[in-house]
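Following: one structure in structure tokens, then a few remarks.
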Amino acid sequence: MLTAAGLGVGFLPEPGRRVAVVEGVDLCLRAGRTTALVGESGCGKSVTAAALGGLLPRGLARDRGEIRWANGIPCRPGRGLAYVFQDPGECLDPVFTIGSQIRETLPPEERGQARARMAALLRTVGFAEPERVLASYPHQLSGGMQQRAMLAMALASRPRVLVADEPTTALDVTVQAKILRLLADLQRLENLAVLLITHNLGVVAEIADEVHVMYAGRTVESGPVELLRNPRHPYVRGLLQALPQLAGSAERLAGIEGSVPSPGRRPAGCRFHPRCAEARALCREKEPELRSCAAGHAVACWACAEGGWA
Amino acid sequence: MSRPLLEVANLRVAYGAGWRRVEAVRGVSFEIARGRCLGVVGESGSGKSTLARAILALEDRVSGRIEFAGQDVLALDRAAKRAFRRRAQMVFQDPLGSLNPRVQAGAALAEVLRVHGLAGTRAEAARQTADWLETVGLDPAYAGRFPHELSGGQRQRVNLARALCVGAEFLVADGPVSSLDVSVQAQILNLLKSLQETRGITWMLIGHDLAVMRHMADEVLVMKAGEVVERGPAADVLARPLQAYTRELLDAAPDVARALDRRAAAAASLELNRGPVPEQDVPA
Ligand SMILES: Nc1ncnc2c1ncn2[C@@H]1O[C@H](COP(=O)(O)OP(=O)(O)OP(=O)(O)O)[C@@H](O)[C@H]1O
Ligand SMILES: Nc1ncnc2c1ncn2[C@@H]1O[C@H](COP(=O)(O)OP(=O)(O)OP(=O)(O)O)[C@@H](O)[C@H]1O
Ligand SMILES: [Mg+2]
Ligand SMILES: [Mg+2]
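Which chain is which? The protein sequence lines are U and P, in order. So in this note's numbering, the last one in the first sequence is 313, and the numbering has no gaps at all. So in this note's numbering, the last one in the second sequence is 288, and the numbering has no gaps at all.
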């Protein structure tokens, strides 16, 4: 549906200076499929997502790579993409009713039968009494209801790609499960391509078809969601080992020492090497490229190369 | 066996009056033994935070009985309440909001030490501050940092040090790790556990992540609409729940291995092979 190739985003603090924030990211979003973008805070997930829709904040610019629709037509900012965020406050205006806010995002040709279309949208996202919700102000709805109203608003523009940035992080598990099921249903019914950003690997395993793990602005491993059973990259293995288990886990959790370097302070060589227990001299010197290691599965790590260390 | 550190019996907390009156906690009873961790789970609005505030004497309209180390918490006079609030504290609530943005981490600790008369001299305060930072796993060099110069996990650690340094022995952590990366979450959870083991800190941990509860809690309390639906050892309640509601929470908990197994099984049974999905029109 939508592909991004060699996506690069730079922070341009002053003329002539560029700090790379996102580097060489390739994404392929398919209709009816969910791609998850994961990684620790500051790895560049939101910036990548914003770059897709041309929504980068001031100071950041997508100045590398290209974004195209499946038919080869370059993607124009804002067309065909819709966003849902963690904090409904970012999307919903407290002084307008839900109805008037959804109306704004309807395509012009549908404003005629706005009422009926909005009611249908709200039913799609699971509201039994759409009329009441349309007349409500955001504060009159619970967190989960606001999240669903925001989804309805995103769907109103009939997007082909839905970007959901941490859509369930602020919700409790039962509501989270409902929203995730809803996202999966919508994706199937509307044949949407979904880009799901989350730091919850459990959520990824529940609904994603493909996973894309980012570290410090780059893709370190990507492939079908099943790769989470046996990830190759030490970073991805570290993220999984840090998780407590429902079935009970060891006395001490294995965290990942250290933290994500900020753009401009990324080390030479493999950018994960200072935190990697397996790092060797090569990792400090040369950056590994993202290489295919199995069907649809790629990893950027010297230790994961064919036949052991490259 | 000594008495539990905290005993709560038939606790009720109400908000509002007349037709607006809501009873947020409706007759909750439990106890926590010294050095143990009680996990409190339940859907949003079930009364977990209200329960915690009531125990820490931060709510007014409370009935029932709360006994902390043999003292009746609901009958404390002002002086006794002050002493109680040093021993029993809430940590991790909005770590950025609860730290003064213009005060460096070290100065914030030294300040509470002085206010509580725990450090006579400036040098003494500095020495203790460095010790506490180390206890919570922060290099003492961080004493000179302002809150905005610290990461989320580091701020959590400063908050924790501030509670510990005045002699807290019972700590309530409301959603302590929900906003942290799993890597940082693991470090903080390890820290909480080691404080429990080495310093005998008693914890009440509130949250939505059942895997975290399974890892941390000795006992869990499952709440719904202000009442306790199920209570018992974490290893039992979260493995063999007796109540349908607990099972519902468990089923909703996202878990990597379980989700992948479930999906693999579903795909196999349906022989689901979607094949290539037809591409749709793309916007011009
Ligand atoms: N407007 C901006 N100007 C300069 N740098 C920015 C800007 N926005 C983000 N960054 C930097 O870009 C990097 C990636 O940020 P991004 O928000 O994409 O992270 P993320 O992976 O979404 O993290 P989180 O999980 O915390 O949302 C960060 O180091 C951040 O400091
Ligand atoms: N100050 C208040 N005034 C009136 N009602 C309140 C107040 N604080 C909480 N409530 C109500 O009491 C009930 C319990 O709220 P509480 O914050 O204890 O839930 P919780 O279990 O902590 O939820 P969450 O998981 O979302 O934090 C809710 O119905 C809430 O609306
Ligand atoms: Mg983000
Ligand atoms: Mg709460």
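Yeah, the Cβ is synthetic: ideal placement off N, Cα and C, and Gly gets one too. Just so we're clear, the structure is a prediction, and the values are computed from it rather than from any experiment.
Item: In the DSSP assignment, the alpha helix (DSSP H) including Q244 of chain U goes from what residue to what residue?; Value: P237 to Q244
Item: Using only Cβ atoms and a threshold of 7 Å, which residues come within that distance of a heavy atom of ligand 4? Order them by chain position.; Value: P:K52, P:S53, P:D178, P:G179 and P:I210
Item: What number of angstroms, rounded off, separates the C-alpha of G43 of chain P from the C-alpha of D222 of chain P?; Value: 8 Å
Item: Are the beta-carbon atoms belonging to L183 of chain U and G147 of chain U less than 8 Å from one another?; Value: no
Item: Using beta-carbon positions only, say whether A167 of chain U and L186 of chain U come within less than 8 Å of one another.; Value: yes
Item: At 7 Å on the CB atoms, spell out the chain P contacts of S262 of chain U, in chain order.; Value: S155
Item: Check this for me: beta carbons of G22 of chain P and G230 of chain P, under 8 Å apart or not?; Value: no
Item: What's the call for R82 of chain P, buried or exposed, on a 16-neighbour Cβ count within 10 Å?; Value: exposed
Item: Report all residues for which the CB-ligand distance to some heavy atom of ligand 1 is below 6 Å; order them along the chain.; Value: U:F14, U:V24, U:G42, U:S44, U:G45, U:C46, U:G47, U:K48, U:S49, U:V50, U:P60, U:G62, U:L63, U:H202, U:S265 and U:P266
Item: Are there any heavy atoms of ligand 2 lying less than 7 Å away from the beta-carbon of A28 of chain P, as far as the coordinates show?; Value: yes
Item: Who does Y19 of chain P pair with in a DSSP beta bridge?; Value: P:V26
Item: Quick one: what's got a C-beta closer than 6 Å to G204 of chain P's C-beta in the same chain, skipping five residues either side?; Value: G39
Item: Taking buried to mean at least 16 other C-beta atoms within 10 Å of its own C-beta, is V28 of chain U buried or exposed?; Value: buried
Item: Report the residue from U:R106, U:L95, U:E132 and U:A131 whose alpha carbon sits nearest the alpha carbon of R120 of chain U.; Value: U:R106
Item: Reducing DSSP to helix, strand and coil, say where I59 of chain P ends up.; Value: helix
Item: With 9 Å as the limit, tell me which residues of the segment 248-269 of chain P have their beta carbon closer than that to any beta carbon of chain U; keep them in chain order.; Value: E252, L253, L254, D255, A256, A257, P258, D259, V260, A261, R262, A263, L264, R266, R267 and A268
Item: What three-state label does DSSP hand L189 of chain U in the structure shown?; Value: helix
Item: What does DSSP give as the partner residue(s) for A8 of chain U in the beta ladder?; Value: U:E69
Item: Hey, would you say the C-beta of D168 of chain U is under 7 Å away from at least one heavy atom of ligand 3?; Value: yes
Item: Confirm, please, whether the CB-CB distance from P110 of chain U to S160 of chain U is below 8 Å.; Value: yes
Item: Along chain U, in chain order, which residues have C-beta atoms closer than 7 Å to that of H120 of chain P?; Value: Going along chain U, no residue has its Cβ under 7 Å from H120 of chain P, so there is no contact; the nearest lies around 32 Å.
Item: Report the CB separation of L303 of chain P from N163 of chain P in whole angstroms; it is logged as a contact under 8 Å.; Value: Nothing about residue 303 of chain P can be read from this structure; chain P reaches only from 5 to 288.
Item: Rounded to the nearest angstrom, what separates P18 of chain U and A269 of chain P at their Cα positions?; Value: 55 Å
Item: G148 of chain P: buried (16+ other C-beta within 10 angstroms of its C-beta) or exposed?; Value: exposed
Item: Taking Cβ positions only, does V178 of chain U come closer than 8 Å to chain P?; Value: yes
Item: Strictly under 8 Å for the Cβ-Cβ distance: is Q191 of chain P near chain U by that measure?; Value: yes
Item: Could you name the residues of the same chain whose beta carbon sits closer than 8 Å to that of V98 of chain U, not counting the 5 residues immediately before and after it, in chain order?; Value: Y140
Item: Closer than 9 Å by beta-carbon distance: list the chain U residues that pair up with S48 of chain P, in chain order.; Value: S145, G146, G147, L174, D175, T177 and V178
Item: Could you have a look at K289 of chain U and say whether DSSP puts it in helix, strand or coil?; Value: coil
Item: Helix, strand or coil: how does DSSP classify V87 of chain U here?; Value: strand
Item: Sort out for me which residues DSSP pairs Q247 of chain P with in a bridge.; Value: DSSP lists no partner for Q247 of chain P.
Item: Under 7 Å Cβ-Cβ, which residues of chain P neighbour I259 of chain U?; Value: S187
Item: Taking the continuous beta strand (DSSP E) assigned at A177 of chain P, which residues delimit it?; Value: F174 to D178
Item: With C274 of chain U and A219 of chain U assumed to form a contact (beta carbons below 8 Å), what rounded beta-carbon distance in angstroms separates them?; Value: Correcting the residue type first, residue 274 of chain U is Arg in the shown sequence and not Cys. Confirmed, about 4 Å.
Item: Is the beta carbon of A301 of chain U closer than 8 Å to that of G226 of chain U?; Value: yes
Item: Counting contacts by CB-CB distance shorter than 8 Å, is R118 of chain U in contact with chain P?; Value: no
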